[in-house]
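Right, one structure below, let's go through it.
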Amino acid sequence: MSAPRRDAAGRSVPSAKIYPTHAEMLSTEKSLDAVIVATPPLYHADAVLAGLKAGLHVLCEKPLTLDPSAFENIRSESESRRLCVYSVNNWAYSPQWSRLLEVAASGRLGAIRHAEIRVLRTKPSVSALPGDWRKDPAVSGGGILVDHGWHNLYLMRRLLGPKTILVSVVLAPEDAADEVATALLRAPGATGTMHLSWKAGERSNSAFVAGERGTAELRDDLIIVKAEGNEETIRFPEKLSAGSAHPEWLAAMWPSFEAECSGRGQGDNLDESAFCLGSIRSAYDGREAARA
3 MSAPRRDAAG RSVPSAKIYP THAEMLSTEK SLDAVIVATP PLYHADAVLA GLKAGLHVLC
63 EKPLTLDPSA FENIRSESES RRLCVYSVNN WAYSPQWSRL LEVAASGRLG AIRHAEIRVL
123 RTKPSVSALP GDWRKDPAVS GGGILVDHGW HNLYLMRRLL GPKTILVSVV LAPEDAADEV
183 ATALLRAPGA TGTMHLSWKA GERSNSAFVA GERGTAELRD DLIIVKAEGN EETIRFPEKL
243 SAGSAHPEWL AAMWPSFEAE CSGRGQGDNL DESAFCLGSI RSAYDGREAA RA
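Under my numbering, the first residue of the sequence shown is numbered 3, with each subsequent residue one higher.
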C-alpha cells in the first residue's frame, strides 16, 4: 500500500493499524485468529496463502482465485494446517436468497428439475479504484462472469446439487472483458440457465425454480411460491438489486464462517469455490480455444 493510501486509510479509520504490506502485518501482529482478504482478485491467492502459513483462518472476498494451481496450493495448506479458508458467499444469506433456498430445500416443490437466475445491471459495480479494475482482466481475472458469476454459480449449485456442472456459456464481447454472459448448467435430473448483464436497460434480480410439485419465482422484492394448488407471496422491504454493499448479509454469513473455523463442515466452502473456479476457468479457456 502506497504512503498516500496509508495516510488516507488512517484518516478514514483512525483507530486502525496501517501496514504497507500484508507480510509486515502478519510478522508483527501475534494475537490474530483470522485475516480478511478484500483486495482486487489478482492479489487474493498470495494473501490467502500468507495468512494460512501464519497459522490463521482466512476469509476472502470472491473470487478466491482463478488460478487452478494456486487453488490447489490453498486447499493443501488449509487441509494440512486444519485451517478454514472461506470465500465470501454472502448472496446466499440475503433475505431473498436465504428464503428461496429454504423453500427449495424444504421439499414443498418436490425434486428440483430446473432453475433460472437473471442478474441485470446497467454498468459494472462502482469501483473504489480509479480506472474500474472490474473491467481490467489483468486485475479482476475477467468480467461479469467473475464479478456476478461467482455468486450466482454457487447459488445455482445450491439449488441443483453438488454434481452440477457448466455445460456451455456465451460471453460478449468476445475480444474484451465480458459484459454479458449466458450459461447452461446441468445436474442429475435437472437443468439450469443463468443470464448476467452489465448492458441492460434496468437494474434487477430474478430467479425461477421448478420442482415436480411446484414452482418458486423471485422477483427482486418478492417470492411467489406455487405448490400443490396453493399460492404464497412473500414480500421483502428492499429489492435484492438495491445497492452493492451488503453488510447485513455478511453479518448473516458470519456464523457459517465461524462454524468452519471451529471445524464444523470445514472444506464445504472450498468445495463450493472449486466449482465456481472450475466453471469460470472452463468458460474463459473455451473462449480462448475458439479464438485460436
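Beta carbons are placed, not taken as given, at the ideal position from N, Cα and C, and that holds for glycine.
Mind checking whether Lys64 and Glu79 have CB atoms under 8 angstroms apart?
no
For the 8 angstroms Cβ check, are there 3 or more pairs between the stretch 230–239 and the stretch 254–266?
no
Would you tell me roughly how many angstroms separate the C-alpha atoms of Leu272 and Ala40, rounded to the nearest one?
Answer to the nearest angstrom: the Cα atoms are 17 angstroms apart.
Around the C-beta of Arg143, are 16 or more other C-beta atoms found within 10 angstroms, so that it is buried, or is it exposed?
The question names Arg, yet the displayed sequence has Gly at residue 143. Buried is the call here.
Compute the beta-carbon to beta-carbon distance between Leu168 and Ser281, rounded to the nearest angstrom, for a pair I have assumed lies under 8 angstroms.
4 angstroms
Residues in its own chain within less than 6 angstroms of Phe277 by CB, not counting five upstream and five downstream?
Arg159
Going by DSSP, which residues form a beta bridge with Met196?
Partner(s): Ile119 and Ala185.
What residue does the beta strand (DSSP E) around Phe210 start on, and which one ends it?
Ser206 to Gly213
Check for me: the alpha helix (DSSP H) holding His24 runs from which residue to which?
Run containing His24: His24 to Thr30, per the alpha helix (DSSP H) assignment.
Would DSSP call Ser243 helix, strand or coil?
coil
Unbroken beta strand (DSSP E) runs of length 3 or more, entirely within the stretch 54–104: which are they?
Correct list: 59–62 and 87–89.
Return yes when the Cβ of Ala185 is within less than 8 angstroms of the Cβ of Lys137, no when it is not.
no
How would you call Arg123, buried or exposed, if buried means at least 16 neighbouring beta carbons within 10 angstroms?
buried
Given a threshold of 16 other Cβ atoms within 10 Å of its Cβ, counted over all protein chains shown, does Asp287 qualify as buried or as exposed?
Classification for Asp287: exposed.
Do you know how far the Cα of His59 is from the Cα of Ala18?
Roughly 20 angstroms between the two C-alpha positions.
Between which two residues does the beta strand (DSSP E) holding Ile236 run?
Start and end: Asn232 to Arg237.
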